[in-house]
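There are 2 protein chains.
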Amino acid sequence: MDSSPMDNRRLSTKDFVYYEIKKQVIENVLKPSQSINEIKIASELGISRTPIREAMQRLEIEELIIRLPNGRLKVAPISIQEAKEIYEVRGLLEGLVAREAAIRATDSDLQKLQMFTNLIVEAAENDWRDDVVNYGGEIHSFLYQLSGNYTAVKILKNMNDKISRYRRLGPKDSTTRSKEAAHEHKQLTEAIVERNSGKAEELMKLHVKNSLGAALDSIPNYISEYGE
Amino acid sequence: MDSSPMDNRRLSTKDFVYYEIKKQVIENVLKPSQSINEIKIASELGISRTPIREAMQRLEIEELIIRLPNGRLKVAPISIQEAKEIYEVRGLLEGLVAREAAIRATDSDLQKLQMFTNLIVEAAENDWRDDVVNYGGEIHSFLYQLSGNYTAVKILKNMNDKISRYRRLGPKDSTTRSKEAAHEHKQLTEAIVERNSGKAEELMKLHVKNSLGAALDSIPNYISEYGE
DNA sequence: TAATGTATAATTGTATACATAATTATTATA
DNA sequence: TATAATAATTATGTATACAATTATACATTA
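First to last, the protein sequences are chains A and B.
The first sequence stops at residue 228 when you use our numbering, and every number in between is there.
The second sequence stops at residue 228 when you use our numbering, and every number in between is there.
And the structure:
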């Protein structure tokens, strides 16, 4: 689907830079609104500006960095407005994906899905909150595969990249939210296993909506520091 | 919002090439699956390869052109699968936009919307089918503005670019479809004027769904020629 | 004739050099 | 001291040069 760093073909310099800087932006090593200097990155990585520029342009189009009117680059600032917009769109597209998955999944796919669900429920029961987040991500990714809608999935992956910055800025999910999330995934899986695509879509939309609160809670403290 | 060719700031060479090639792809001057040669374009336009490459990369990310495993570029092939995916996603996002517009529009916005609607209805009555398409586009763009959801709008604009290739490959809308489309816009506007956001969303989703058929009808004849 | 190997040409990937624009530092002046 | 003008510096935008990869043409051989 996407040419990923796991491909066999050796990574071009441009792609290496792309994944490297993207990682630093997502993990907030490069802070929101921090300015970026092509020459500095080039000398740090020991390569020329050409592949840097191409990697930066890709990140710019994906809106992880922005270009000011004077041509200078900086890490995209965070904004509550953007977070809300993303969650609105994401809810619709995750819903679409869940609906399609409920229709298209094979029986063996459903078994795999139930396995993930058992894991996330177990993690929640033991308050392994990181695991809840990780298994949740696995479930979503698995549904992406099943959906067969490349267009929707590509958009979702980009939005997930952008969202993860926000989530990492804030504190972990609370125990309460963690248990809720696991429960929501369990209900969702049940709907999919029942091939109830409409219900799956609605449950997924609700799940995304519920997630927004957790993501937003922590932003206001950071917006003054890193916002635009 | 998007840096467009209408901006005051002089266009960089890169952006000039981007808009130029994008236009040619959208208008099928460059045919689907046709191969693209950086050097040839550079000499035709009388500029170096550097801005060509950056423009091509942007078009590649936006999926108007694709890069083969060997690095060669070609115009993105058309596929029924892609068209269907786009219309599914587009239906959801246009629905979101219509819903938000119904909530956020000022009274003066509503007047403007009704003016557009009168124009499209008049065009349909006179069987000015090109005008119906154009006013339809104006209405959608206007709702984008009103929605206040930059994230959704950016995705929609990209999808519209991709779709327009398909529409231009086929014949014009039939008189029947043209009249239907005008009627759908009229109903939609009424819902928005009534501030009935839920109804607006549903009518818009339906409108997009109905449009798909017209866009798909003509594709099979072309897929063998330009498909992948 | 078909398949394989090799030389050549063409194309893309990256580095470097230069041009242009923006920022910062410096000086001149009120 | 504050401000404006100007020079110096730094960054980005584009062109050119070179390296690495891929495609093509042709010869050789089974």
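Every residue gets a Cβ at the ideal spot worked out from N, C-alpha and C, and that includes glycine.
The shortest C-alpha to C-alpha distance from I219/A to any of S108/A, K31/A, Q57/A, A83/A is the one to A83/A. Taking the Cα positions, S174/B is about 34 Å away from I61/B. If the five residues before and after I155/A are omitted, its C-beta is found closer than 8 Å to the C-beta atoms of V89, L93, all from its own chain and listed in chain order. With a beta-carbon spacing of about 20 Å, I192/A and A123/A fall beyond the 8 Å limit used to define contacts. The DSSP assignment places complete alpha helix (DSSP H) segments of no fewer than 4 residues inside the segment 21-45 of chain B at 38-45, in order along the chain. Close to chain B, meaning a Cβ-Cβ distance shorter than 7 Å, are the following residues of the segment 139-150 of chain A: N149, Y150. Between the C-alpha atoms of L96/A and V17/B there is a straight-line separation of about 36 Å. DSSP places L73/B in the uninterrupted beta strand (DSSP E) bounded by 73-75. Comparing C-alpha distances from S147/A to each of L206/A, A102/A, I86/A shows the shortest one belongs to A102/A. Unbroken beta strand (DSSP E) runs of no fewer than 3 residues, entirely contained in the segment 88-169 of chain B, are not found.
Shown here for R104/A: same chain residues with a beta carbon closer than 8 Å to its own, the five before and five after excluded, namely L146, S147, G148 in chain order. Considering only beta carbons, the part of the segment 39-57 of chain A lying closer than 9 Å to chain B consists of T50, R53, E54, Q57, in chain order. Per DSSP, I78/A is not a residue of any alpha helix (DSSP H), being assigned neither H nor E. Taking a Cβ-Cβ threshold of 8 Å, the residues of chain B close to A152/A are E85, E88, V89, in chain order. Not flagged as an interface residue toward chain A: I103/B, since no C-beta distance is shorter than 8 Å. Along the segment 153-172 of chain B, the positions whose C-beta sits under 7 Å from a C-beta of chain A are I155, read in chain order. Inclusion of V121/B and K186/B in the CB contact set at 8 Å is warranted, their separation being smaller than that value. Between L203/A and E184/A, the gap from beta carbon to beta carbon is short of 8 Å.
Excluding the 5 residues flanking it on each side, R67/B has same chain C-beta neighbours closer than 6 Å at E60, L73, in chain order.
For the 8 Å CB-CB criterion, E38/A and I52/A form a contact. Using a Cβ-Cβ cut-off of 8 Å, E94/A does not count as an interface residue toward chain B, since no Cβ of chain B sits closer than that to its own. Bridge partners of R67/A according to DSSP: L73/A. In the three-state scheme derived from DSSP, where H, G and I count as helix and E and B as strand, E62/B is classed as coil. Taking V75/B as the centre and dropping the five residues before and after it, the same chain places the C-beta of V25, L30, K31, P32, S33, Q34, I36, I65 closer than 7 Å to its C-beta, in chain order. Chain B places a beta carbon closer than 8 Å to that of I61/A, counting this residue as a contact.
Within 9 Å of the CB of E82/A, the CB atoms of chain B belong to Y150, T151, in sequence order along the chain.
The C-alpha of E194/B lies about 14 Å from the C-alpha of S108/B. Our two residues, G46/A and I21/A, have alpha carbons roughly 14 Å apart in a direct line.
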